[in-house]
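> If you use the working numbering, the sequence shown corresponds to residues 944 to 1231, in order. All C-beta atoms in this analysis are idealised placements derived from N, C-alpha and C, irrespective of residue type, glycine included. Take this structure, written in structure tokens, and hold onto it; I'll ask about it next.
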Amino acid sequence: MSTDTATGDALSAALYAGPEAFQRERRTVFQTAWLLLARSEMLREPGAYVAQTLGGWPIFAIADVNGLAGVYRNICRHQGLPLFDTGAGRCAEIRCRYHGWTYGADGRFMVAPPQVMPSDPADAMHQLERVAAKAFRGLLFIHLGGAPTELEPAVAGLAGVDFEALPFQGETITDIDANWKVVMEHALAAAPAGLSRRSIWPTLLVDAGDGGVVLHQVIPRAFQRTRIHHYRYGAAPAEPIAAEANALRAAAVAAQAEVGRGVVPDLPPTPALAEFRALVRAAHSAVT
């Protein structure tokens, strides 16, 4: 570990420890980048849905009768309450549990109980807010900004990997009580032995080895809560992934405790780690 004023490229402790930095990152990182929402395969059947909170933004995708996914902010247009809990499943209709506003899979307002029925049901203000989305090699990405960049250059780190063609083996989840940047930095400082690790800004990691491919979806849930979805493809074994996830969790939690005392992670320098920290600095510098 090093102090907050130590030399090197470590970020300020304030960027790991408080909610203010996370709120800035909601706007300058997660609202400006392409983010993985789900595997496309999860949305093949009509009514299948996936709901996530990505960098503090609640989002869901749902498949229509043709198996095409629409992506929306997970907010009812009546009183701004959530439509889905985080997770995946199937539903016959999109209906708000609180006041009964009901929507079609295309986001259109359909019906509501008489006591809360809007005076003009056809008003576009009652439709769900659509989010830009694009499928890429078996993965569904979303962009929360008003003018999305092209997806392919943003996910160039996935070059050579077709997740739609690879056999999917399973998914595990790791919850970590640490800031998402602490988690990413520890993951970028040292790849597991025998694997080639690539990162895709801001929150994706890809491990490739002889046994297959593992995609790690790092989900910032709050300023000190992070969840990782580990997707295994090919012949990637589950046991080493679980062991590495447990080691990463232990290291990140310990580092977060040190950050609370003003001590920032002092990690082995790697090009990927330096690039990540440079992008974080640029995102915070963009705040006016």
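Cα separation between Pro989 and Pro1001?
21 Å
> Could you compute how far the alpha carbon of Gly1023 sits from the alpha carbon of Ala1004?
17 Å
> Can you find the residues in the same chain that come closer than 8 Å, C-beta to C-beta, to Glu963, ignoring five residues on each side of it along the sequence?
Ala957
> Under three-state DSSP, which class holds Ile1018?
coil
> Under 8 Å Cβ to Cβ from Phe1111, same chain only, skipping five residues before and after it: list those, please.
Arg982, Glu984, Tyr1174, Arg1175, Tyr1176
> Applying the 10 Å Cβ sphere with the 16-neighbour rule, what's the burial state of Glu1182?
Of the other Cβ atoms in all chains shown, fewer than 16 fall within 10 Å of the Cβ of Glu1182; this residue is therefore exposed.
> What does DSSP give as the partner residues of Ile1171 in its beta bridges?
Thr1117, Val1161
> Excluding the 5 residues preceding and the 5 following Cys1034 in the sequence, name in chain order all residues of the same chain whose CB lies nearer than 7 Å to its CB.
If we look at Cys1034 and ignore the five residues flanking it on each side, its Cβ neighbours are Gly990, Tyr992.
> Cα-Cα, which of Leu1147, Leu1216, Pro1163, Ala1195 is closest to Gln966?
Selected option, being the one with the closest Cα: Pro1163.
> What are the partner residues of Gly1032, as DSSP defines its beta bridges?
Tyr992
> Within the same chain, show all residues whose beta-carbon is closer than 7 Å to that of Ala1067, passing over the 5 residues directly before and after it, in chain order.
none
> For the beta strand (DSSP E) containing Phe1003, list its first residue and its last residue.
1000-1006
> Using a Cβ-Cβ cutoff of less than 8 Å, which residues in the same chain neighbour Leu986 once the five nearest sequence positions on both sides are dropped?
Scanning its chain for C-beta atoms nearer than 8 Å, with the 5 sequence neighbours on each side dropped, one finds around Leu986 the residues Tyr992, Val993, Ala1004, Ile1005, Ala1006, Gly1010, Ala1012, Leu1083, in chain order.
> Looking only at its chain, what residues have a beta carbon closer than 6 Å to the beta carbon of Val1125, apart from the 5 residues adjacent to it on each side?
Tyr959, Ala1195, Ala1198, Gln1199
> With H, G and I counted as helix, E and B as strand and the rest as coil, what does DSSP make of Arg967?
Helix at Arg967.
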